[in-house]
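Enquirer: Just dropping this structure here.
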Amino acid sequence: MSLRRSVVEPFFLALSFLTRLPVDSSHTASESFPRSLFFFPVVGLLLGAILGAVAWLVRGLPASLLWAALLVALLAAITGALHLDGVADFFDALGGGRGDANRMLEIMRDSRIGAHGATAICLLVVAKVNAFDYALAHFDLIVWLLLPTVSRTAVVPVIAFFPVARQQGLAKTFHAAKGGTPATVVALLLTALVYLTAVDFILPLFVAFAVALVIAFWAKRRLGGLTGDIYGTSIEFSELAFIAAWIALRR
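Per the working numbering, residue 22 is the first one in the sequence shown, and the count goes up by one each step.
Here's what the structure looks like:
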């Protein structure tokens with residue numbers, strides 16, 4: 022198997038799925054989708070390196086809340102706000118679906134944002150800005166590196182172990198990667214990485230994974246499976262859970 026088929030294509034596929042960086046994944050072979058899960062933590066680490074570099078440059082400057090907002094905006098820009106859009110669709114479905122799975126799935130398919138989704142995004146962004154402000158005031162490069170890495174890793178077992186709600190779409194394509202091996206390997210590698218960096222991050226790591234899994238279990242029970250919007254919601258809330266747990270341990 023060529024290096025391009027085994028490494029380059031899966032990496033570019035992970036980049037195109039998790040970010041809006043200009044990479045061409047239009048001619049990706051189907052077998053690259055399972056392998057792309059291995060690169061989710063790598064893409065997360067790349068995002069963390071960008072965030073960490075900018076945070077290092079602005080740390081200690083006046084108006085830290087403004088810089089925190091710009092960092093949240095930077096992360097949203099790099100990812101195309103794709104995961105935030107998933108949060109909006111998820112909460113619109115939650116608020117307007119009235120407990121009916123088919124209705125909730127239809128709402129999530131609608132590209133328009135309703136009141137529930139808009140409120141959820143506003144509250145999430147406010148929470149992230151305040152968390153980032155604290156992280157700037159108590160700067161630790163490991164936090165910035167792990168923040169997007171943990172969340173992009175936490176979604177891997179969600180993709181690999183849980184069924185999809187629809188038989189069409191991107192979620193179904195990635196779910197062909199199920200089987201457990203990719204998810205288990207990357208999870209163990211990340212856990213080992215955390216142990217090697219600092220034991221202070223072990224609890225935030227598991228809190229992040231727990232939040233992602235709770236969302237996945239809920240979606241499986243209520244919707245019969247997961248969608249791309251559920252993946253995005255898992256990423257956003259596991260990211261927030263990680264930094265919130267870290268802040269709680271420091272206080």
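For glycine and all other residues, C-beta sits at the position ideal for the given N, C-alpha and C.
Report the residue from Ala102, Ser259 and Leu224 whose alpha carbon sits nearest the alpha carbon of Trp267.
Expert: Within the sequence shown, numbered from 1, the residue matching residue 267 stands at position 246. When each option's Cα is compared against that of Trp267, the closest is Leu224.
Enquirer: Mind checking Glu257: buried by the 16 CB within 10 Å criterion, or exposed?
Expert: Against the sequence shown, residue 257 aligns to sequence position 236. Glu257 comes out buried.
Enquirer: Applying the 10 Å Cβ sphere with the 16-neighbour rule, what's the burial state of His137?
Expert: Sequence index remark: in the sequence shown, residue 137 carries index 116 (1-based). That one is buried.
Enquirer: Should Leu105 and Ile142 be called a contact, given that it needs their Cβ atoms to be closer than 8 Å?
Expert: As a position in the sequence shown, residue 105 is number 84, starting the count at 1. As a position in the sequence shown, residue 142 is number 121, starting the count at 1. Closer than 8 Å, so yes.
Enquirer: Short check: CB of Gly65 to CB of Arg173, under 8 Å?
Expert: Taking the first residue of the sequence shown as 1, we reach residue 65 at position 44. Taking the first residue of the sequence shown as 1, we reach residue 173 at position 152. Cβ distance < 8 Å, so Gly65 and Arg173 count as in contact.
Enquirer: Apply the 10 Å Cβ neighbour rule to Ala35 and answer buried if 16 or more other Cβ atoms are within range, or exposed otherwise.
Expert: The count along the sequence shown starts at 1 and reaches residue 35 at position 14. Its Cβ being crowded by 16 or more others within 10 Å, Ala35 is buried.
Enquirer: Label Trp239 either buried or exposed according to how many other C-beta atoms from any shown protein chain fall within 10 Å of its C-beta, with 16 as the threshold for buried.
Expert: For the purposes of this step, residue 239 is taken as residue 218 along the sequence shown, with counting starting at 1. So Trp239 ends up on the exposed side.
Enquirer: With H, G and I counted as helix, E and B as strand and the rest as coil, what does DSSP make of Leu247?
Expert: Reading the sequence shown from its first residue, position 226 is the one you call residue 247. Here Leu247 sits in strand by DSSP.
Enquirer: Answer yes or no: do Thr254 and Phe38 have a C-beta to C-beta separation smaller than 8 Å?
Expert: Sequence index remark: in the sequence shown, residue 254 carries index 233 (1-based). Sequence index remark: in the sequence shown, residue 38 carries index 17 (1-based). No, these two residues do not count as a Cβ contact at 8 Å.
Enquirer: Please list, in chain order, all residues of the same chain as Ser259 whose beta carbon is under 6 Å from its beta carbon, the five residues on each side excluded.
Expert: Along the sequence shown, one-based indexing puts residue 259 at 238. Taken in chain order, the residues that qualify are Ser172, Ala175, Ala229, Val232 and Ala233.
Enquirer: If you drop the 5 nearest sequence neighbours on each side, which residues of the same chain put their C-beta closer than 6 Å to that of Asp113?
Expert: Within the sequence shown, residue 113 is the residue found at index 92, counting from 1. Hits under 6 Å: Ile128, Gly135, His137 and Gly138.
Enquirer: Ignoring anything shorter than 4 residues or poking outside the region 59-139, list the alpha helix (DSSP H) runs there in chain order.
Expert: With a minimum length of 4 residues, the continuous alpha helix (DSSP H) runs that stay inside the region 59-139 are 61-79, 85-99, 103-117 and 122-130.
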